[in-house]
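So the structure is just underneath, and the comments pick up after that.
In the working numbering, the protein residues as written are 1385 to 1467.
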């Protein structure tokens, strides 16, 4: 999937892209673990390699933005109540 540059993508879309990438990475990890178990390769070194493989998809900026988006409906509701 080609990702447009930051300047052409809204913050909300950046968050969606980051979350989709995180979900994809988690699915790949789950598939790798299933294959390891199916092949009888379930030993400590293999599990450590899979579990410690960093997948830095979501940044602190994305987390902060998600928190702001989560608060947005409450802020809008309060604004509507007072106006």
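Heads up, the beta-carbon is just placed ideally off N, CA and C, and yes, glycines get one too. These figures come from a predicted structure and were not determined experimentally.
Inset, instruction - Can you say whether residue 1399 is buried or exposed, counting buried as having 16 or more other CB atoms within 10 angstroms of its CB? - result: buried
Inset, instruction - Kindly confirm or deny that the region 1446-1456 and the region 1397-1411 touch, where touching means at least three C-beta pairs closer than 8 Å. - result: yes
Inset, instruction - To the nearest angstrom, report how far apart residue 1452 and residue 1409 are at their CA atoms. - result: 24 Å
Legend entry - Residue nearest to residue 1436 in terms of C-alpha spacing, selected from 1407, 1422, 1413: 1413
Legend entry - C-beta atoms of residue 1454 and residue 1434 nearer than 7 Å: no
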